[in-house]
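Asks: For what it's worth, our numbering labels the leading residue of the sequence shown as 4, then goes sequentially. Just so you know, even glycine gets a beta-carbon here, dropped at the ideal spot from N, CA and C. Here you go, one structure.
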Amino acid sequence: MPNDCMAVSLGLPGLEVLHQRSLEGGSLEVTVRYRTRTASCPHCGKPAVIVHATTAQRKKDRRIWDRPLTLILFKRRFRCLRCGKVFTEPDPIFGHRRRSTGRLREHIACRAIGQPASQVARQEGVSASLVRRSFQDAYHHRWDEVRDHPLAAPILSLDEFSRAKRCYETLVYDPLAGNVLGLLPGNGGGPLRAYLEKLPDPDQVRVVTMDMHDPFRQAVQLCLPRARVVVDKFHFLRMAHHAVSQVRVTLQQTGTAPRSTLLFRGRHLLLVAQERFRPADWAKLRVLFRLTPELQIAWELKEELRQWYRSGSWEQARQQIRLWVAKVRRCGLAPFQPLLSTLRDWGEEILNTFHCPVTSGALEGKNNRIKVIKRMAYGYRNPDNLRMRILLTNRTIRAMA
Ligand SMILES: [Zn+2]
């Protein structure tokens with residue numbers, strides 16, 4: 004060994020290091036054998052000391068100082084003096100016929116919770132199938148436990164998101180605790196009904212928030228008759244944002260060059276809440292409104308709807324929304340018409356917000372978590388892998404009796 008080297012412990016006290024070398028490209032190769040001198044014969048139980056043969060086996064281990072590490076194990080076969088049979092020594096550190104250390108498999112299983120197997124495989128320099136197998140060995144028993152025990156909470160939130168093109172998943176979470184409780188295939192009512200029917204204490208659920216998706220509402224009304232359905236504020240407001248944008252796009256397409264450019268440049272500002280305006284923003288908006296009065300009406304309708312969500316009581320909110328509906332009818336802006344039909348179909352659930360406001364703090368946290376989940380979703384081709392990882396990382400696993 005050159006005299007500028009230092010030794011570090013391999014961290015596997017059962018092994019004796021015989022030799023080590025540094026390979027081109029930075030990887031390390033360490034030759035080892037088990038410290039024990041004898042092994043008991045699996046046939047008669049007598050300790051055997053006669054080494055019959057030795058074979059060298061290459062095994063992958065965790066990186067040391069970020070350098071890939073391969074262990075070369077001199078594995079012995081013993082001959083028993085009593086019964087004369089030959090047997091291979093036990094291999095607790097690597098496992099029977101495994102070509103990696105147990106600690107490497109644990110390490111990659113742990114990393115594979117948050118990332119697709121192919122990504123972990125690339126980063127760790129192992130095969131994707133090893134990552135998948137290690138993950139299964141480490142977490143499958145917990146997955147079974149999570150999957151078969153739906154959980155309830157006083158407030159449940161339902162959200163659908165796309166895992167891939169036209170492939171939807173339904174997320175069930177507890178917005179107060181920020182926990183993901185379930186992840187169901189598709190966005191239809193069937194899987195949700197199956198989930199809700201299995202809840203251990205359905206009466207505990209008082210409120211279910213959702214977007215305006217009728218299969219969800221039907222499933223909740225059927226399985227949780229005591230729970231109140233609340234349409235998530237952001238989903239309804241998003242429709243108003245969409246309407247303002249549509250009004251702008253139509254004006255932009257029919258206008259001449261300077262007006263169209265101004266409208267295009269104002270596209271983000273039109274959707275910003277007015278409390279967050281900087282002084283210059285008002286001036287920009289006034290220029291736009293002078294050019295296109297319809298846009299001013301659309302913007303005001305959107306802002307009034309935002310203000311409406313601050314109504315003091317359910318009764319007040321009910322009166323205010325009637326006035327707002329009348330105003331939308333009077334102005335006749337086509338992009339706002341879908342909001343009127345939504346109010347007809349979902350008015351009760353939209354107004355329920357004023358009975359059970361879910362605090363915005365919890366919603367913020369929830370939204371961040373869901374963003375992470377959605378980002379994760381695109382890395383997984385197999386939906387079961389995605390569901391398993393989301394539930395394992397986001398759900399507190401309770402001791403099930
Ligand atoms: Zn024997």
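For R65, which residues of its own chain have a beta-carbon under 8 Å away from its beta-carbon, when the five flanking residues on both sides are left out?
Replies: Residue 65 sits at position 62 when you count from the first residue of the sequence shown. Only residues of its own chain outside the window of five on either side were considered, and among them L72, T104, R106, L107, H110 have a CB closer than 8 Å to the CB of R65, listed in chain order.
Asks: Answer with buried or exposed for S165, where buried requires no fewer than 16 other C-beta atoms within 10 angstroms of its C-beta.
Replies: As a first step, residue 165 is located in the sequence shown; it is residue number 162 there, counting from the start. Residue environment: S165 is assigned as exposed (fewer than 16 neighbouring CB atoms within 10 Å of its CB, all protein chains considered).
Asks: Looking only at DSSP bridge pairs, what is F357 linked to?
Replies: As a position in the sequence shown, residue 357 is number 354, starting the count at 1. Residue pairing for F357: DSSP places it in no beta bridge.
Asks: Suppose only complete runs of 4+ residues qualify. What are the alpha helix (DSSP H) ranges in the stretch 181-222, listed by chain order?
Replies: Fully enclosed alpha helix (DSSP H) runs of 4 or longer: 192-200.
Asks: Between the Cα of L225 and the Cα atoms of L199, S248, E278, which residue gives the shortest distance?
Replies: Against the sequence shown, residue 225 aligns to sequence position 222. Among L199, S248, E278, the Cα nearest to that of L225 belongs to L199.
Asks: Using a Cβ-Cβ cut-off of 7 Å (strictly less than) and excluding sequence neighbours within five positions of R40, which residues of its own chain qualify?
Replies: As a first step, residue 40 must be located in the sequence shown, where it is residue number 37. Excluding sequence neighbours, R40 sits near V52.
Asks: Within the present structure, is the beta-carbon of C47 separated from the nearest heavy atom of ligand 1 by less than 7 Å?
Replies: In the sequence shown, the residue the question calls residue 47 occupies position 44. Because some heavy atom of ligand 1 lies under 7 Å away, the Cβ of C47 counts as near it: yes.
Asks: Under the rule that 16 or more other beta-carbon atoms within 10 Å means buried, what is G364, buried or exposed?
Replies: As a first step, residue 364 is located in the sequence shown; it is residue number 361 there, counting from the start. For G364, the predicted model reports a pLDDT of 46, less than 50, meaning its position is unreliable; a value from the coordinates is still stated below. The residue is exposed, with fewer than 16 neighbouring Cβ atoms inside 10 Å.
Asks: Taking just the CA atoms, how far does E306 sit from T253?
Replies: As a first step, residue 253 is located in the sequence shown; it is residue number 250 there, counting from the start. As a first step, residue 306 is located in the sequence shown; it is residue number 303 there, counting from the start. Rounded to the nearest angstrom, the two C-alpha atoms are 20 Å apart.
Asks: Have a look at R332, Y312, S121 and flag the residue whose alpha-carbon is nearest the alpha-carbon of F237.
Replies: The sequence position of residue 237 within the sequence shown is 234, counting from 1. Nearest of R332, Y312, S121 to F237, Cα basis: Y312.
Asks: Which residues share a DSSP beta bridge with T295?
Replies: Residue numbering aside, residue 295 sits at position 292 when the sequence shown is read from its first letter. Residue pairing for T295: DSSP places it in no beta bridge.
Asks: Nearest chain B C-beta to R313 closer than 8 Å, yes or no?
Replies: Checking the listed chains, one finds no chain B in this structure; it contains a single protein chain.
Asks: Would DSSP call H55 helix, strand or coil?
Replies: Working through the sequence shown from its first residue, we reach residue 55 at position 52. Three-state result, H55: strand.
Asks: By the 10 Å Cβ neighbour count, where 16 or more other Cβ atoms means buried, how is W349 classified, buried or exposed?
Replies: Within the sequence shown, residue 349 is the residue found at index 346, counting from 1. Flag for W349 reads buried.
Asks: Where V183 and D177 are concerned, what is the direct C-alpha to C-alpha distance, given to the nearest angstrom?
Replies: As a working mapping, residue 183 is identified with position 180 in the sequence shown. As a working mapping, residue 177 is identified with position 174 in the sequence shown. The alpha-carbon atoms of V183 and D177 are separated by roughly 6 Å.
Asks: Ordered along the chain, which non-local residues of its own chain (more than five positions away) have a Cβ less than 8 Å from that of D387?
Replies: Locating residue 387 in the sequence shown gives position 384, where the first residue counts as 1. Result list for D387: empty, nothing under 8 Å.
Asks: Which term fits V11, buried or exposed, when burial requires 16 or more other beta carbons within 10 angstroms of its beta carbon?
Replies: In the sequence shown, counting from the first residue as 1, residue 11 sits at position 8. So V11 ends up on the exposed side.
Asks: Please go through the same chain and pick out, in chain order, the residues whose beta-carbon is closer than 8 Å to the beta-carbon of L266, but skip the five residues on each side of it.
Replies: Translated into positions along the sequence shown, residue 266 becomes position 263. Hits under 8 Å: R251, L254, Q255, G258, L291, L294, T295, L298.
Asks: What do you get for N385, buried or exposed, if any count of 16 or more other CB atoms within 10 angstroms of its CB means buried?
Replies: Here the question's residue 385 lines up with position 382 in the sequence shown. Exposed, by the Cβ-count rule.
Asks: Look at the alpha carbon of F219 and the alpha carbon of S160, and state the distance between them as a whole number of angstroms.
Replies: Here residue 219 refers to the residue found at position 216 of the sequence shown. Here residue 160 refers to the residue found at position 157 of the sequence shown. Near 11 Å, if we compare the C-alpha coordinates of S160 and F219.
Asks: Figure out for me which residue from S25, R38, G29 has the closest Cα to the Cα of L15.
Replies: Residue mapping note: residue 15 aligns to position 12 of the sequence shown, counting from 1. Checked all of S25, R38, G29; the closest Cα to L15 is R38.
Asks: To the nearest angstrom, report how far apart A337 and L272 are at their CA atoms.
Replies: By one-based count along the sequence shown, residue 337 stands at place 334. By one-based count along the sequence shown, residue 272 stands at place 269. So the two alpha carbons sit approximately 21 Å from each other.
Asks: Using a threshold of 7 Å, is the CB atom of R85 nearer than that to any non-hydrogen atom of ligand 1?
Replies: Position 82 of the sequence shown, counting from 1, holds the residue named residue 85. For ligand 1, at least one heavy atom lies less than 7 Å from the Cβ of R85.
Asks: Consult DSSP for S130 and reduce its assignment to one of helix, strand or coil.
Replies: Working through the sequence shown from its first residue, we reach residue 130 at position 127. If DSSP states are grouped into helix, strand and coil, S130 belongs with coil.
Asks: Can you tell me the Cα-Cα spacing of R270 and S248, whole angstroms?
Replies: On the sequence shown, position 267 is the one that residue 270 refers to. On the sequence shown, position 245 is the one that residue 248 refers to. Their Cα atoms are separated by approximately 7 Å.
Asks: Once the 5 residues before and after T34 are set aside, which same chain residues still bring their CB inside 6 Å of it?
Replies: Along the sequence shown, one-based indexing puts residue 34 at 31. Closer than 6 Å at Cβ, skipping near neighbours: L21, H22, I75.
Asks: Under 8 Å between the Cβ atoms of V208 and A155?
Replies: For this step, residue 208 is matched to residue 205 along the sequence shown. For this step, residue 155 is matched to residue 152 along the sequence shown. Result yes, Cβ atoms of V208 and A155 sit closer than 8 Å.
Asks: Assuming C86 is part of the alpha helix (DSSP H), what are its boundary residues?
Replies: Locating residue 86 in the sequence shown gives position 83, counting from the first residue. According to the DSSP assignment, C86 belongs to no alpha helix (DSSP H), since it is labelled neither H nor E.
Asks: Run the proximity test for C113: is its beta-carbon closer than 7 Å to any non-hydrogen atom belonging to ligand 2?
Replies: With respect to small molecules bound, the structure shown includes ligand 1 and not ligand 2.
Asks: DSSP beta-bridge partners for T73?
Replies: For the purposes of this step, residue 73 is identified with residue 70 of the sequence shown, where counting begins at 1. Partner(s): E32, K63.
Asks: According to DSSP, what are the bridge partners of R241?
Replies: Locating residue 241 in the sequence shown gives position 238, counting from the first residue. According to DSSP, which records beta bridges pairwise, R241 is partnered with nothing at all.
Asks: Hey, how far is the Cα of A180 from the Cα of P153?
Replies: Counted from its first residue, the sequence shown places residue 180 at position 177. Counted from its first residue, the sequence shown places residue 153 at position 150. Going from the Cα of A180 to the Cα of P153 covers about 16 Å.
Asks: Hey, could you find the ends of the beta strand (DSSP E) A167 is sitting in?
Replies: Sequence index remark: in the sequence shown, residue 167 carries index 164 (1-based). First-last of the beta strand (DSSP E) with A167: 158-167.
Asks: Express the C-alpha separation of R309 and R410 in angstroms, rounding to a whole number.
Replies: This structure cannot speak to residue 410, because the chain is shown only from 4 to 404.
Asks: Considering only residues of the same chain and omitting the five flanking positions on each side of R390, which have a CB-CB separation below 6 Å?
Replies: Working through the sequence shown from its first residue, we reach residue 390 at position 387. If we look at R390 and ignore the five residues flanking it on each side, its Cβ neighbours are L186.
Asks: What's the gap between the Cα of T58 and the Cα of G28?
Replies: To locate residue 58, count along the sequence shown from 1; it is residue 55. To locate residue 28, count along the sequence shown from 1; it is residue 25. So the two alpha carbons sit approximately 26 Å from each other.
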